[in-house]
Structure formats: structure tokens, C-alpha cells
Amino acid sequence: MSKKYDYLIVGAGLFGAVFANRAHRAGKSCIVLEKRNHIAGNAYTRLEAGIPIHQYGAHIFHTGNRQVYEYLSQFAQFNHYVNSPIANYKGEIYNLPFNMNTFHQMWGVVTPGQAQNELSRQIEKHYTENPQNLEEQAINLVGPDIYEKLIKGYTEKQWGRPCTQLPSFIIRRLPLRFTYDNNYFNDPYQGIPVDGYTKMVERMLEGIEVRLQTDYFDDRSYWDSLAKRIVYSGPIDAYFHCCYGALQYRSLRFETEVLDCRNYQGNAVVNYTDREIPFTRMIEHKHFTFGQQPNTVITREYSQEWAPGKEPYYPINDSENSALYEKYRLLTEREPNVLFGGRLAEYQYYDMDKTVERALEYTTPELLSIRDKQ
Ligand code: FAD
Ligand code: UDP
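For the sequence shown, this note's numbering assigns the number 7 to the initial residue and increments by one for each residue that follows.
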């Protein structure tokens, strides 16, 4: 029996949307299912008090991949926002990422040489050969002062575990530099879509059938019967009925408020790095787009344990969960007609650019036509 669609795409996040867009352009028929009531996945933005709100936490686009930037630029104009978050530790303010401004604020040093001397002095005293956890790794990289004030509290709130029980790779993401440069990212392309991520994804999905508030698992066999192939961007364990047990995630809770003032915190992102303040960061959305509105909207971000029914935001790539993921990944090899991609289906900490890059890799004209012949 001939099937109605070439591709059934589960999830209208960036992975699903890029896949759908490229397959549609190559003449394939696609249908996209999305269980939420909107497209764009976690990158979703909506307007409140005239200000674009990042509903699922700050999303700053940055990439070193020109192909990804050019591809997305067909659907969005990126502004010149540069992410320069600040840290508030018990009322003391520090620039991030760790740079000459931070070292000056922390130790009063002025030159890179002075900063390097102070850092080496601190690290030498506390150095651990073969660091086994995040605490040891962080102290080896930045010494105890920065670790205590800017890493420990934030990380333990974010991951809900002591730093001594967390894998060290999480902290390797944090840049360290000896210039007065507060740009959080090293990538050459950075910015926020001028009219929001949702509009960008809407343009990608133009001409493609999208069903919102439709959970693939509510009628799986019906949806499977409609398409030759499935592209799945939901959680990988859910796809296999959690047959080996549930993978762990970190979830988040957002508290959003409209305030009757023009400028509440003077920066888009402020991280609260001590343990006592229960949220990890506060964002003031208008600063992402240099907004001049009379009001402002802020969001406090609280990290929380994931449980069924809560949104799975961050995969926890420790050794136990990575081993479990590997068992599920082996099962995917028995599903030749299903393509698993994106942050949840690959159980990877992908930024948006990496997610787009993966979807572009899966949708080259060669791959789309090879699949047709199989
Ligand atoms: P998602 O965006 O999660 O999309 C998957 C979609 O599938 C969801 O909409 C979901 O509802 C849907 N779905 C799942 N199961 C089903 C089902 N059974 N039926 C139907 N639909 C289903 N990246 C950056 O580059 N810069 C940032 O600043 C940044 N900040 C982030 C902040 C936070 C708090 C988080 C959580 C992520 C951040 N990211 C950032 C990462 C970014 O969100 C991801 O790279 C990107 O959203 C991944 O897209 P995706 O399509 O893989 O997943
Ligand atoms: N981090 C920290 N202090 C900060 C910001 C980040 O210790 O002020 C640590 C924390 O462990 C976090 C990791 O660095 O999980 C990566 O931070 P990033 O902001 O890159 O991650 P995001 O949560 O935005 O994906």
C-alpha cells in the first residue's frame, strides 16, 4: 500500500523543523507532529508586553559554522547581541566568562601577567593530578577563589548534586581568557533573531503540514501507517517504552514577571552564583533585542529534578546514564526506517547550531535520495 507521506517528523523543535524544511524543498512530502501548542521547541519565543520572551530559558544563537549561519539567515535576520552575562555572588558583581575583568574584580590585578601569577599561585597549592570530578577539575583550571564564588554554588544548584559527584567535562565548557573581553562565546557568528525564533521556525515550516498538540505516542500505529519513514526528535527512552529504565534529565522551572519599570537589572543575563538564592539566573528579556519598551519582563530560572510529566531539559551525561543511553542507541539500529536526531533523541547537550548542523547532515540531497531507493 502506498503511504501518504515520505516523512513523519516527531517534534517541531529545531531538529524537526530543519529536517522538514530540507526534505520539503527536495520534493518530499512531510507531516510534523508536535505535542506542545507551539512550534520551535525550547527555542520558542512569544511576545509579552511587546517584548519577545524566551519561554524556555535564554537562547543565544552562536556558531563557528558558516553553513549553519547562512542556512538560518534565510529565515531570520540576526541582531548584534553579544552575550556578556554577569555573576552576582552575595551582592558582589563579576564579569563572565572568566577574563581580566573578573580577575581584577576578584583580586585587584590589572595586567595579564599579574592575573596569571595569582592564578598559578592558587592552582599550585590545590592542584590534583588526574582530576576525577568537577570540583577537582575546576580548581585545577581556575583555583579555589573563583571556584568557591562563581562555580560551586551555581553548579550545585544547576545539577542538584555536589560538585564532587559531577563529571568534570561540564566545566570544560567555560572559557577562560586573559583579555578584557566579556563575550561569553568565542564563535564568529552570534545574535538573536530580530523577530524571534518562533518566526524563524515558522518560515522554515512554510508549506508543510504541522499538527500541534499531537503526541505521537497517543496513536503511534496510526501515525506510523501514514509515512514511509519517521524522524524522531523526542526522548529516546520514551520511543522504546523505557524498556531499560528511564534516562535521567535535569528539569527547570521558570517564574516570569512583568515589571512596571524600564530597566530592572541592566543586563540580559545575571547568574546568581551563591547557594542561598534558590534560582540560578535571572533574565531580562528586552536586553536581548535592545528593547525600549516602557515595561520590562524578567524570568527567574530554577533548576529541578526531572520526573515523569516534567520537561526533560538537560540530559545528564554521567557514566551511568551514558551507558543506559548506549543500550537504547543499540536498539535504534533495529529501526532502519526511523532516524533519531536532536538533543533528546541523541541524549546530547547540543546547542542550537549543533542541532541544526546535525539536521543538515541528515538531509543532504544524496542522503535524501539514497533513502528513497532503500
Ligand atoms: P527541542 O527543542 O527539545 O524540540 C523537540 C520537540 O519535540 C519539542 O518541541 C517536544 O515537545 C517535541 N516532542 C517530544 N516528544 C514528542 C512526541 N511524543 N510527540 C510530539 N512531539 C514531541 N542553545 C544555544 O545554542 N544557545 C543557548 O543559549 C541555549 N540555551 C538553552 C537554554 C536552556 C534552558 C535549554 C534547555 C537549552 C538551551 N539551548 C541553547 C539548546 C537548545 O534548546 C537546543 O539545542 C535545541 O532546542 C534542540 O532542538 P531539538 O529539536 O533537538 O529539541
Ligand atoms: N557555570 C558556573 N557558573 C556560572 C555559569 C556556569 O559554574 O556562572 C557552570 C555550570 O556548571 C554550568 C556549566 O558551567 O552547568 C555550563 O554553563 P553554560 O552557561 O555554558 O550552560 P547552559 O546552562 O547555558 O547550557
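Here a beta-carbon is modelled for each residue, glycine too, at the ideal position from N, C-alpha and C. Every value quoted in this text rests on a predicted model; they were computed, and no experiment measured them.
In DSSP terms, what residue i is bridged to
| i | result |
| --- | --- |
| residue 14 | 37 and 236 |
| residue 101 | 92 |
| residue 385 | As displayed, the chain neither begins before 7 nor continues past 380, which places residue 385 out of reach and without an answer. |
| residue 380 | Bridge partners of residue 380: none, in fact. |
| residue 287 | 277 and 307 |
| residue 52 | 59 |
| residue 320 | 256 |
| residue 148 | Its beta-bridge partners do not exist; DSSP assigns none. |
| residue 458 | The first residue shown for the chain is 7 and the last is 380, placing residue 458 beyond what the model contains. |
| residue 134 | In the DSSP output, where bridge partners are listed per residue, residue 134 has none listed. |
| residue 68 | 196 |
| residue 84 | 199 |
| residue 140 | BP columns for residue 140 are empty, so no partner. |
Local Cβ density within 10 Å of residue i, reported as buried at 16 or more and exposed below that
| i | result |
| --- | --- |
| residue 376 | exposed |
| residue 141 | buried |
| residue 163 | buried |
| residue 299 | exposed |
| residue 6 | The question about residue 6 has no answer, for the chain in this structure spans 7 to 380. |
| residue 126 | exposed |
| residue 36 | buried |
| residue 370 | exposed |
| residue 225 | exposed |
| residue 30 | buried |
| residue 158 | buried |
| residue 239 | buried |
| residue 21 | buried |
Chain D contact for residue i (CB, 8 Å cutoff)
| i | result |
| --- | --- |
| residue 84 | This model lacks chain D altogether; it includes just one protein chain. |
Residue i: CB within 7 Å of a non-hydrogen atom of the ligand FAD
| i | result |
| --- | --- |
| residue 42 | yes |
| residue 29 | no |
| residue 175 | no |
| residue 63 | yes |
| residue 350 | yes |
| residue 25 | no |
| residue 257 | no |
Closer than 7 Å: residue i CB and nearest the ligand UDP heavy atom
| i | result |
| --- | --- |
| residue 20 | no |
| residue 354 | no |
| residue 289 | no |
| residue 361 | no |
| residue 277 | yes |
| residue 164 | yes |
| residue 161 | yes |
| residue 102 | yes |
At which residue ranges does the region 166 to 243 contain complete alpha helix (DSSP H) runs of 4 or more residues, listed in the order of the chain? 175 to 178, 203 to 210 and 226 to 232
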